[in-house]
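J.: Residue numbers (my numbering): 6 to 338. Think of the CB as a built atom: it goes at the ideal place given N, C-alpha and C, for glycine as much as any other residue.
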C-alpha cells in the first residue's frame, strides 16, 4: 500500500513508519520538525527512515494547506495515518494557539484532502486525555467524554467529532485511536520515562506529582504500533445495530470507529519509578509535588472493542518495556 504518515519524525510516527516499510508498504512522511522538543532527536529518527527504500519525506506544517494538497495531488493514498499534532497536556496551558493551528486547522486540512482525493481510510491519533474528569475505570469508548480538562484534550475530542461529520456526510472511513501513556525507545523527552531517567542519572530530584498517588496505563510503543497497523488494515464500517435513540459514542451509522489502545493494566507511578531504578541500578531522589492543572489521577483502557475488531491485545510488561528504553537511552545519549 501507499500510506501517508503525518508526524513521521515523531515518536509514534517514526515507529509506525518503520513497521510499514518493513512489511513492504510505501510511506510518504510529513512533518514540520518543530522545536517543541529536541529537533536532533527528530532528525535522528528521520535519518533512519530516509535510509530505507520506499520512504519519501515532506517537511511542512499541516496548516500549510497548499503543500498538503500538493502531496495528495501527487500521490494516491490507500490510507492516511495522522499522528501529527501539538502534543502535551501541560504545554497547552502555556501556548493554546499552537494546539488550534495544528490540531484543529491542520486536522481540517487532512479531512478535506482525504475527502477530495478519495482516501480509503483515515486513521488518526486521539488520546486517553479525552476522558477528562470521568472517574469510572476502565475508560470505555462507549462512555460519554464531554468533560475534558485541558485544551489538548478538547482538541482531540474535537478531532473525533470532526471525523464523524466527514464519515457521515462524505462516507469517508475514519478511525480514531485513543493512546494511553506511550513509552519506549526513541520516546519523547517531555514524557515521564525520559524525564525520570535523565534526572536519576544526573543525580537530580525526580518530580512526582500528586505525591505519587497516580496510576497510568503505560503502553509500550511496539504494542501501540501493532494496534495502529492492524486498525489501518481494517477499514471502518458502519455499525448496523447503531441506534439514534440510544447512540453509542464509539461507533456510528457512518463508517466511523473509536478504539482505546492501552495495556489494560495500570501501574502505580512509584512502581514505575522503581522499575527505572532497577534498570539503571541507581536510586531516585523523589520530590513530592501536588497535582498539576489538567492532569488526572488514574487512567485505564477498556480494550474490548479493539480486541473484537482486530484480535489484538497489548501485553508488554513494564519491566521489559522500561529495560528496553534504558538500553536505548544509554546508547543514544
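1. Let me know the secondary structure DSSP gives residue 41 once reduced to three states.
2. In terms of residue numbering, what span does the beta strand (DSSP E) encompassing residue 180 cover?
3. Any idea what DSSP makes of residue 167, helix, strand or coil?
4. Could you check how far apart the C-beta atoms of residue 177 and residue 119 are, in whole angstroms? I think they sit under 8 Å.
5. Quick check: residue 110 and residue 173, are their CB atoms within less than 8 Å of each other?
6. Should residue 28 go down as buried or exposed, given a rule of 16 or more other Cβ atoms within 10 Å for buried?
7. What residue range is occupied by the uninterrupted beta strand (DSSP E) comprising residue 227?
8. Is residue 209 helix, strand or coil when you go by DSSP?
9. Going by beta carbon distance, what residues of the same chain come within less than 8 Å of residue 318, once the five residues before and after it are set aside?
10. For residue 220, which of helix, strand or coil comes out of DSSP?
11. Give the list of continuous beta strand (DSSP E) stretches no shorter than 3 residues that lie fully inside the region 278-307.
12. So if DSSP puts residue 36 in a beta bridge, which residue, or which two residues, is it bridged to?
13. Rounding to the nearest angstrom, what Cα-Cα distance links residue 49 and residue 337 in this structure?
14. With a threshold of 16 other CB atoms inside 10 Å of the CB of residue 44, please say whether the residue is buried or exposed.
15. For residue 129, which of helix, strand or coil comes out of DSSP?
16. According to the neighbour-count rule (16 or more other Cβ atoms, all chains shown, within 10 Å of its Cβ), is residue 71 buried or exposed?
17. Among all the DSSP beta bridges, which residues are the ones paired with residue 144?
18. How many angstroms separate the CA atom of residue 92 from the CA atom of residue 222?
19. Can you name the start and end residues of the alpha helix (DSSP H) that residue 25 belongs to?
20. In chain order, what residues of the same chain have a beta carbon less than 6 Å from the beta carbon of residue 242, not counting five sequence neighbours either side?
21. Near residue 61, which residues of its chain fall below 6 Å by C-beta distance, leaving aside the five closest residues on each side in sequence?
22. Considering only their Cβ atoms, is the gap separating residue 18 from residue 127 smaller than 8 Å?
23. Flag this pair as touching only if the region 289-300 and the region 233-240 have three or more C-beta atom pairs under 8 Å; answer yes or no.
24. CB-CB under 8 Å to residue 169, same chain, minus the five flanking residues each way: which ones, in chain order?
25. Residue 105 to residue 286, Cα distance in whole Å?
26. Please name the residue, chosen from 40, 84, 79 and 78, that lies closest to residue 11 on a Cα-to-Cα basis.
27. Is residue 161 buried or exposed, if buried means 16 or more other CB atoms sit within 10 Å of its CB?
28. DSSP puts residue 81 in a beta bridge; with which residues?
29. Suppose you measure from the CA of residue 165 to the CA of residue 182; what does that come to, to the nearest Å?
30. If you draw a straight line from the alpha carbon of residue 276 to that of residue 148, how long is it in whole angstroms?
31. May I have the straight-line CA-CA distance separating residue 335 from residue 203, to the nearest angstrom?
32. Could you give the distance in angstroms between the alpha-carbon of residue 302 and the alpha-carbon of residue 122?
T.: So, to answer that:
1. Your numbering for residue 41 matches position 36 in the chain shown. Residue state, collapsed to three classes: coil.
2. As a first step, residue 180 is located in the chain shown; it is residue number 175 there, counting from the start. Note, residue 180: beta strand (DSSP E), 179-184.
3. For the purposes of this step, residue 167 is taken as the residue at position 162 of the chain shown. Three-state DSSP puts residue 167 in a helix.
4. For the purposes of this step, residue 177 is taken as residue 172 along the chain shown, with counting starting at 1. For the purposes of this step, residue 119 is taken as residue 114 along the chain shown, with counting starting at 1. Confirmed, Cβ separation roughly 6 Å.
5. Indexing the chain shown from 1 puts residue 110 at position 105. Indexing the chain shown from 1 puts residue 173 at position 168. No; because the gap between Cβ atoms is not below 8 Å, this pair is not in contact.
6. If you number the chain shown from 1, residue 28 lands on position 23. Exposed: under 16 other Cβ atoms inside 10 Å.
7. Sequence index remark: in the chain shown, residue 227 carries index 222 (1-based). That residue, residue 227, is in no beta strand (DSSP E); its alpha helix (DSSP H) goes 226-237.
8. Numbered from 1 along the chain shown, position 204 holds the residue referred to as residue 209. Residue 209: coil per DSSP, three-state reduction.
9. Against the chain shown, residue 318 aligns to sequence position 313. If we look at residue 318 and ignore the five residues flanking it on each side, its Cβ neighbours are 269, 308, 311 and 312.
10. For the purposes of this step, residue 220 is taken as the residue at position 215 of the chain shown. Residue 220: strand per DSSP, three-state reduction.
11. 290-293
12. Taking the first residue of the chain shown as position 1, residue 36 is located at position 31. Note: residue 36 sits in a beta bridge opposite 64.
13. Along the chain shown, read from residue 1 onward, the residue named residue 49 stands at position 44. Along the chain shown, read from residue 1 onward, the residue named residue 337 stands at position 332. Answer to the nearest angstrom: the Cα atoms are 10 Å apart.
14. Residue 44 sits at position 39 when you count from the first residue of the chain shown. Label assigned to residue 44: exposed.
15. Counting from one through the chain shown, the residue named residue 129 turns up at place 124. Residue 129 falls in the strand class under three-state DSSP.
16. Counting from one through the chain shown, the residue named residue 71 turns up at place 66. Classification of residue 71: exposed, given that the 10 Å Cβ count is below 16.
17. Reading the chain shown from its first residue, position 139 is the one you call residue 144. Residue 144 is bridged to 306.
18. Counting from 1 along the chain shown, the entry for residue 92 is found at position 87. Counting from 1 along the chain shown, the entry for residue 222 is found at position 217. Computed Cα separation, rounded: 18 Å.
19. Walking along the chain shown from the start, residue 25 turns up at place 20. Segment 16-27, the alpha helix (DSSP H) holding residue 25.
20. The sequence position of residue 242 within the chain shown is 237, counting from 1. Around residue 242: 260.
21. If you number the chain shown from 1, residue 61 lands on position 56. Result list for residue 61: 33, in chain order.
22. Position 122 of the chain shown, counted from the start, is the residue given in the question as residue 127. Position 13 of the chain shown, counted from the start, is the residue given in the question as residue 18. Against a cut-off of 8 Å, the Cβ pair of residue 18 and residue 127 comes out as no contact.
23. no
24. By 1-based counting over the chain shown, the position of residue 169 is 164. Hits under 8 Å: 179, 257, 259 and 261.
25. Translated into the one-based positions of the chain shown, residue 105 becomes position 100. Translated into the one-based positions of the chain shown, residue 286 becomes position 281. Cα to Cα, the separation comes out at about 42 Å.
26. Taking the first residue of the chain shown as 1, we reach residue 11 at position 6. Of 40, 84, 79 and 78, the residue nearest in Cα terms is 84.
27. Position 156 of the chain shown, counted from the first residue, corresponds to residue 161. Buried is the call here.
28. Against the chain shown, residue 81 aligns to sequence position 76. DSSP lists no partner for residue 81.
29. Position 160 of the chain shown holds residue 165. Position 177 of the chain shown holds residue 182. Roughly 9 Å separates the two Cα atoms.
30. Residue numbering aside, residue 276 sits at position 271 when the chain shown is read from its first letter. Residue numbering aside, residue 148 sits at position 143 when the chain shown is read from its first letter. Going by the C-alpha atoms only, they are around 29 Å apart.
31. Sequence index remark: in the chain shown, residue 335 carries index 330 (1-based). Sequence index remark: in the chain shown, residue 203 carries index 198 (1-based). Those two C-alpha atoms are separated by around 10 Å.
32. Here residue 302 is taken as the residue at index 297 of the chain shown, counted from 1. Here residue 122 is taken as the residue at index 117 of the chain shown, counted from 1. Going by the C-alpha atoms only, they are around 42 Å apart.
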